[in-house]
Amino acid sequence: MSVPGKITTIDTHTGGNPTRTVIHGAPKLVGHTMLEKMTYMAEHHDDFRRLLMFEPRGHEVMSGCILTESCHPGADIGVVFVETGGYLPMCGHDTIGVCTALMEGGLIAADKKTILLDTPAGPVQVLLDVDEGKVRQVTFTNIPSFVYRREVEVDVEGIGLVTLDIAYGGNFYGIIEAASIGLALEQSNGAEIVRTAVRIREAVNAVIEVVHPENPVIQGLTHIEFYGEPVASQADCRNVVVIPPGGIDRSPCGTGTSAKVAVLHANGKLGLHESFVHESITGSMFRAEIVGETQVGPYSAVIPQITGSAWVTGHHQFVVDPEDPLRAGFLLM
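So for the sequence shown, full-length UniProt numbering puts the first residue at 1; every next one is plus one.
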C-alpha cells in the first residue's frame, strides 16, 4: 500500500447516508473518460478505496467521492464514486453531498450556483440553492434512466417466485413491491431486508444478463430496491435500497429514485413535470421530476431531476501508521 502521509476529507450525509469527499491525498487517475478513470482506479488504486471505505475508518455503507480533472468539455470537475462494495457509475446522494462539501468548504466560488459534474455515467448538471453560504438544497439532472426488463419472475431459494422490474438510473436496480414477498420496510427489520435482497440479487444475476446498451462496462444487477406505502403524508412512496455488498441506503437513493420514476413513467403512472416524493427508511425525502424523454439504445428513457439536501458532518485528516496491522482496512458483514 502506497498512500500519502495525510488524507483530507469533508464528510457529509444526505438523508442519513454518508459521503466522504477526498480533498487532498487521492491518487492521480489516468484515462480519457471518467469511465476509464474509474476502471483505472479499480485496477491500480483500489487499496485507497478500501482504506477510506472499510473499517476502522469507514463501515458497511460508507461511500465517497474522488475528485479529478474532468474529461467532458465544459465540465467543472470529475468525480469517481466509491463505496464499500466497489465503484458506482453514478450516485445521487453522493452528488448532493459532494456539491454541498465543495460549496460549504469554500472550494468553489460563493456565487457559483451551477456545477457540471463529469461522472463515469456521463455529465450531470447540478443546481445549488445557497443562502448566506449554506447549501439549502441541491438539484441534479440525472443521466437518462430506463426500464431494462419489466415484470421479471425469478425463483429465489427460501423466498419463492419474486416479480421485479429491472431499471437503470445510474446503476441497475431490481425494484420489488415489499408486500408481495411479505417484507416489512421498518428499521427493526433491517437484517432481514438485507438478507432477502442479497438472495434476490444473486438469483437474478444467475439467470439474467444485465448490461447497459451503450456502456457495456456497466453490467450486472447491483442494487435491490423494495417499495411500499409511505409513512409521511407528503411522500408518495417509501423505499429501501440495499447496496452491495449488503447494506441499507439511509437516503431515498438518487439513482434508485431515477430508476423508480422510469418505471412509473413506463407504466403510465407519472407524467412529464409531475412531482414524485420518495421517502427512505430514515424518513428523509427526495423530490423527483421527469424533465424530458430520450432514447438509450433500444430503450425509451426519461431524464429525471432529483432534489435533496446534505449536511456537513466533519472535516477529517486521516493518517496511515505503517506499524498498524489493520492499516489496510477490514470489513465485517
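Virtual Cβ for every residue (Gly too), placed ideally from N, Cα, C. Since the structure is predicted, the reported quantities are computational estimates derived from the model, not experimental observations.
For the 9 Å CB-CB criterion, N17 and D236 do not form a contact. By alpha-carbon distance to M285, the top candidate from G86, A310, E151 and I208 is A310.
Rounded to the nearest whole angstrom, the CA to CA distance from S70 to D321 is 32 Å. Proximity of the region 279-298 to the region 115-127 falls short of the contact definition, fewer than three beta-carbon pairs being nearer than 8 Å. In chain order, L116, L117, D118 and P123 place their CB closer than 7 Å to the CB of A75, counting only its own chain and leaving out the 5 sequence neighbours on each side.
Straight across, the Cα-Cα distance linking S275 with G308 is about 13 Å. Fewer than three Cβ pairs drawn from the region 255-274 and the region 106-115 lie within less than 8 Å of each other, which leaves the two stretches out of contact. For D324, no pairing in a beta bridge is given by DSSP.
Per the DSSP secondary-structure output, F286 pairs in a beta bridge with H278. At a Cβ-Cβ threshold of 9 Å, V147 and I166 count as neighbours. For R201, the enclosing alpha helix (DSSP H) stretches over residues G190 to V207. For V263, the uninterrupted alpha helix (DSSP H) run begins and ends at G254 to A266, by DSSP.
Here the region 276-283 does not lie against the region 153-167, with fewer than 3 beta-carbon pairs under 8 Å apart. Taking the Cα of S63 as reference, the smallest distance to any Cα among E293, V210, R49 and Q187 is reached at R49. Our two residues, N239 and T255, have alpha carbons roughly 12 Å apart in a direct line. Apart from sequence neighbours up to five positions away, the residues of its chain that approach V130 with a beta-carbon distance below 8 Å are M103, A110, K113 and R136, ordered along the chain. Only residues of its own chain outside the window of five on either side were considered, and among them V242, G246, G247 and I248 have a CB closer than 8 Å to the CB of V194, listed in chain order. For the pair S180 and A262, the CB atoms are not nearer than the 9 Å cut-off. Shown here, A75 sits in coil according to DSSP, grouped into three states, outside any helix or strand. Contact annotation: the region 53-63 does not touch the region 30-38, with fewer than three C-beta pairs closer than 8 Å. In the DSSP assignment, F172 falls within the beta strand (DSSP E) that extends over F172 to E177. Under the three-state reduction of DSSP, I10 is assigned to strand. If you draw a 10 Å sphere on the C-beta of L332, you find fewer than 16 other C-beta atoms in it, and that means exposed. For the 9 Å CB-CB criterion, T313 and T12 form a contact. DSSP, reduced to helix, strand and coil, places R49 within a helical segment of the structure shown. 9 Å or more divides the Cβ of Y168 from the Cβ of A26. Each of G190, A203 and I66 was checked against the Cα of G86, and the nearest Cα belongs to I66. Nearest C-alpha to N215 among G228, N171 and H273: N171.
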